[in-house]
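Count along the sequence shown from 1, then add 14; that gives the number in this note's numbering.
Beta carbons: idealized from backbone N, C-alpha and C, even for Gly.
Predicted, not measured: the structure shown is a model, and the values here were computed from it.
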Amino acid sequence: MLRKFHSLPGLLAGVFLIVLSVTGAVLALAPTLDRVSAVIPASGEVSIAELADRVVAHYPGTEQIVREPSGKVIVYYSRDGQAGADLVNPVTGEGTPYEPSAFFGWIKDLHRAFMLDDAGRALAGVLAVLMVLLCLSGIFLIARRTGGWKNILRPLSGSGGKRIHAELARFAVLGLLLSALTGSYMSAQRFGLLPEAPDTGPGFPAEVSGGQPSPVGTLKALGNFDLGELRELVFPYPGDPQDVYSLSTAGGSGFVDQATGELLQFQPRSDSGVLQDWIVRLHTGEGLWWLGLILGAAALTVPALSITGATIWWQRRRSSGQLPDNADAAQADTIILVGSEGNATWGFARELHSSLNKAGFRVHCSEMNALAKQYPQASRLFVLTSTYGDGDAPASARQFMARLKEFRAEKNLRYTVLGFGDRQFPNFCQFALSVDTALAGKGVSRLHAIELIDRCSASQFSEWGNRVGEVIGTPLFLNYCALQPATVKLELVERADYGIAVQAPTSIFRFKPAEQGGWLTASPRRFKALPPFEAGDLLGVIPPHGQPPRFYSLASSANDEIVEICVRKQAGGLCSGYLHDLKPGDCIDGFIRPNPGFRPATGSQPVILIGAGAGIGPLTGFIRNNTSCNPMYLYWGGRDARSDFLYQPELGRYLEDHRLSGLNTAFSRTDERAYVQDKLKQDELAVRQMVNTGAQILVCGGRDMAAAVRQVIEDILKPLHIDIETLRGQGRYLEDVY
Numbered sequence: 015m016l017r018k019f020h021s022l023p024g025l026l027a028g029v030f031l032i033v034l035s036v037t038g039a040v041l042a043l044a045p046t047l048d049r050v051s052a053v054i055p056a057s058g059e060v061s062i063a064e065l066a067d068r069v070v071a072h073y074p075g076t077e078q079i080v081r082e083p084s085g086k087v088i089v090y091y092s093r094d095g096q097a098g099a100d101l102v103n104p105v106t107g108e109g110t111p112y113e114p115s116a117f118f119g120w121i122k123d124l125h126r127a128f129m130l131d132d133a134g135r136a137l138a139g140v141l142a143v144l145m146v147l148l149c150l151s152g153i154f155l156i157a158r159r160t161g162g163w164k165n166i167l168r169p170l171s172g173s174g175g176k177r178i179h180a181e182l183a184r185f186a187v188l189g190l191l192l193s194a195l196t197g198s199y200m201s202a203q204r205f206g207l208l209p210e211a212p213d214t215g216p217g218f219p220a221e222v223s224g225g226q227p228s229p230v231g232t233l234k235a236l237g238n239f240d241l242g243e244l245r246e247l248v249f250p251y252p253g254d255p256q257d258v259y260s261l262s263t264a265g266g267s268g269f270v271d272q273a274t275g276e277l278l279q280f281q282p283r284s285d286s287g288v289l290q291d292w293i294v295r296l297h298t299g300e301g302l303w304w305l306g307l308i309l310g311a312a313a314l315t316v317p318a319l320s321i322t323g324a325t326i327w328w329q330r331r332r333s334s335g336q337l338p339d340n341a342d343a344a345q346a347d348t349i350i351l352v353g354s355e356g357n358a359t360w361g362f363a364r365e366l367h368s369s370l371n372k373a374g375f376r377v378h379c380s381e382m383n384a385l386a387k388q389y390p391q392a393s394r395l396f397v398l399t400s401t402y403g404d405g406d407a408p409a410s411a412r413q414f415m416a417r418l419k420e421f422r423a424e425k426n427l428r429y430t431v432l433g434f435g436d437r438q439f440p441n442f443c444q445f446a447l448s449v450d451t452a453l454a455g456k457g458v459s460r461l462h463a464i465e466l467i468d469r470c471s472a473s474q475f476s477e478w479g480n481r482v483g484e485v486i487g488t489p490l491f492l493n494y495c496a497l498q499p500a501t502v503k504l505e506l507v508e509r510a511d512y513g514i515a516v517q518a519p520t521s522i523f524r525f526k527p528a529e530q531g532g533w534l535t536a537s538p539r540r541f542k543a544l545p546p547f548e549a550g551d552l553l554g555v556i557p558p559h560g561q562p563p564r565f566y567s568l569a570s571s572a573n574d575e576i577v578e579i580c581v582r583k584q585a586g587g588l589c590s591g592y593l594h595d596l597k598p599g600d601c602i603d604g605f606i607r608p609n610p611g612f613r614p615a616t617g618s619q620p621v622i623l624i625g626a627g628a629g630i631g632p633l634t635g636f637i638r639n640n641t642s643c644n645p646m647y648l649y650w651g652g653r654d655a656r657s658d659f660l661y662q663p664e665l666g667r668y669l670e671d672h673r674l675s676g677l678n679t680a681f682s683r684t685d686e687r688a689y690v691q692d693k694l695k696q697d698e699l700a701v702r703q704m705v706n707t708g709a710q711i712l713v714c715g716g717r718d719m720a721a722a723v724r725q726v727i728e729d730i731l732k733p734l735h736i737d738i739e740t741l742r743g744q745g746r747y748l749e750d751v752y
């Protein structure tokens, strides 16, 4: 709900907000430009009387002197019957012709009203209110992403558009919120929604001396005010001894007798007037040139925030199953809930949604996180979900179990669960099994027994559809065709082999895009065939005989101009065996899949890398990219240092150039017989201290190793009264486990 509250106003008002922000950023330069062109004497150096005396000496027909918030002093005068205005040097009284900038005037009109007078001003006011809502909801979303308000300034994890959007928002939100709040206030005042500060000023004095006017430089009242307090000084009408000087200062306004120099009817500024002035200054930066630059920099982020926000919304919409023919949840007779981590399950859900729609059902499809409290018209509930990690909920289903506690099932509602997973993992479809048990525990009747699909098998999905179709009395023809990703032919240029002596053959493979169109194999241009990628992203490798792709964590980034993976040969492993049979010059078909959820955060906080075996691949890539030499510590376990110390030469170089701050290795087939979790126990105090100061932990490797590491880390964290789940919520405990 909070996400919709944030995204919908932005989508509706995006173009107008971009216009407001760009024009606002341009106008924010004006206070600085004015400040540069102004001569500002030191406090106490020049009084208003001295300024007026110097100005009159050069401009005998002076009618008014204005000091703008930037410090510029402008004299308005009459000479030979012609009105004029000059920018004055307050130290000398000399001036140069002054004319307001036509460009800034045009930009101001566009910013205030879109060139549409009152209608445009009303639109600008509404947009300011929308920006307040966007800023407030954005702050809450960032706090939720970082694991709470106390962590809101900590480095963010992830990459791509979401990372850019969050980082820009965090940088600009206070400036944007200040601009939006002050803009909303001024707009509300203009249209009578808030009372304006009364600006009646003091009444004209009932009595003045009427004597011979004294030189303006000798008037005592004007001599008592410093130039820095001046706002406006209006001169008396020439030849009228009953007229007075009208004086406006930062502290109030009044009149000055032109003969005696006495201050008459002075009225201090009201609190509401002072507030009004500050609202204007905080919105425009007038008189606060440094604030203007800050507000301008914040405003410039709005176009990027609008583009990245719209892109995120569109990607989420495409991946969330929101289809054009999606029925309303309250009116649907069939509900499909989807749990997915990498969006693969959504493809199956769309096919089921389409088939049920064609059969005449009113179908509502959404993510499992959107489970409603009840579905009053529904008699069928389909739950399609994958499993993430070690039996955990995938991203779009992490709130499902909590929401299920408040779910009220109608008596005629029946459900079935379809799980997606990979049988090579020990907890195959565990989350789907847990969901099936939880729904049964709520007293919901089964429509059909739970079934589990291995490796996104389209044939198993079709067969499941046939069986479910028989149950509901309507044939379901589920012909799911997974979109084959566009692949690039990659040529093996180098491999380093380890682990033969300890029966754990592991190799580092380095590929480059194969030669095409006469390009040189080593040319950086070849990498244009691949999307940008970073260490920790995944290389999808297409095995022979049309098998589904297998994914391996990348140990390189596009800047390295190499595609590098570290792969252990598995007994009976189709793809790992295929890779280990390659020779330099052989080619494979592969593609990149982003994995932004497994990446070290930016910033100077320590990063603790933990892995075993081939899990060292992406961890080495993170170290290689640590060119700023932020604190980074590696704990890694292998079998025997003599045969499978992966990346040993590279790690030595990284220690020397300080990209790696510390290395702690454990080998299980030596006299030491240690595992990586043992090394963590030995460094318990150091690890605890780093976590307490904001360190991030990244774990990569086998499930058994990851489980043992989790247990040790939990023990280490106990004195801090935090646990791994807390760190996960803060983006400070990430796993890439296989």
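Three or more beta-carbon pairs drawn from the stretch 593–604 and the stretch 499–509 are found closer than 8 Å, and the two stretches are therefore classed as touching. Taking all protein chains shown into account, VAL50 has fewer than 16 neighbouring C-beta atoms within 10 Å of its C-beta and is therefore exposed. With fewer than 16 other Cβ atoms from the protein chains shown falling within 10 Å of its own Cβ, PHE205 counts as exposed. For the stretch 46–101, the continuous alpha helix (DSSP H) assignments of 4+ residues that do not extend past its boundaries occur at 62–72, in sequence order.
At least 8 Å separates the beta-carbon of VAL230 from that of VAL87. In the DSSP assignment, CYS589 falls within the unbroken alpha helix (DSSP H) covering 588–594.
Residue range 738–743 is occupied by the alpha helix (DSSP H) that includes GLY743. By the Cβ rule, the stretch 133–151 does not count as touching the stretch 88–100, because fewer than three pairs are nearer than 8 Å. If you compare the alpha carbons of GLU477, ILE622, ARG638, SER590 with that of ALA549, the shortest gap goes to ARG638. With fewer than three CB-CB distances shorter than 8 Å, the stretch 671–686 does not count as touching the stretch 711–723. Scanning its chain for C-beta atoms nearer than 8 Å, with the 5 sequence neighbours on each side dropped, one finds around ARG683 the residues VAL516, ARG653, ASP654, in chain order.
One Cα belongs to CYS580, the other to ASP697, and the distance between them is close to 27 Å.
Between LEU148 and GLY197, the alpha-carbon positions lie close to 14 Å from each other.
If you look at ILE166, you'll find it isn't in any beta strand (DSSP E); DSSP assigns it neither H nor E.
Short of 6 Å from the beta carbon of ARG524, and not among the five residues preceding or following it, lie these beta carbons of its own chain, in chain order: VAL507, GLU508, ILE576, GLU578. Taking a cut-off of 8 Å for Cβ pairs, the stretch 62–81 and the stretch 351–362 do not touch, as fewer than three such pairs fall below it. Residue burial is scored here from C-beta neighbours: SER369 has at least 16 other C-beta atoms within 10 angstroms and is therefore classed as buried. Here ASP240 really is in contact with GLY58; their C-beta atoms are around 6 Å apart, less than 8 Å. Following the DSSP letters along the chain, one finds THR634 in no beta strand (DSSP E) but inside the alpha helix (DSSP H) bounded by residues 630–638. Distances from the alpha-carbon of TRP650 to those of VAL248, ALA97, GLY435, TYR661 put TYR661 closest. Counting only unbroken stretches of 4 or more residues, the alpha helix (DSSP H) elements lying wholly within the stretch 262–321 are 285–298, 303–313, in sequence order. 8 Å or more divides the Cβ of PHE117 from the Cβ of PRO216. If you compare the alpha carbons of GLU749, ASN609, ARG724, PHE185 with that of SER571, the shortest gap goes to ASN609. With a contact defined as Cβ atoms closer than 8 Å, ASP718 and GLU728 miss out at about 16 Å.
The alpha-carbon separation between ARG81 and GLY743 amounts to approximately 54 Å. Bridge pairing for ASP511: SER521 [DSSP]. By the Cβ test, the stretch 314–328 is not in contact with the stretch 382–395, since fewer than three Cβ pairs between them sit closer than 8 Å.
For the pair LEU748 and GLY715, the Cα-to-Cα distance works out to about 12 Å. Scanning ALA510, SER618, ARG184, ALA318 for the CA closest to the CA of MET704 turns up SER618. Around the beta carbon of ASP342, fewer than 16 other beta carbons lie within 10 angstroms, which makes this residue exposed. Ranking PHE565, VAL187, ILE622, LEU144 by CA distance to the CA of ILE156 puts VAL187 first. For ILE602, the uninterrupted beta strand (DSSP E) segment begins and ends at 601–607.
Between ALA235 and GLU276, the C-beta spacing is below 8 Å. Ranked by how close their Cα comes to the Cα of SER193, the residues SER228, TRP303, TYR566, LEU309 have LEU309 in first place.
Uninterrupted alpha helix (DSSP H) stretches at least 4 residues long and entirely within the stretch 675–717 occur at 690–696, 698–706, given in chain order. According to the DSSP assignment, ALA472 belongs to no beta strand (DSSP E) but to the alpha helix (DSSP H) extending over 472–486.
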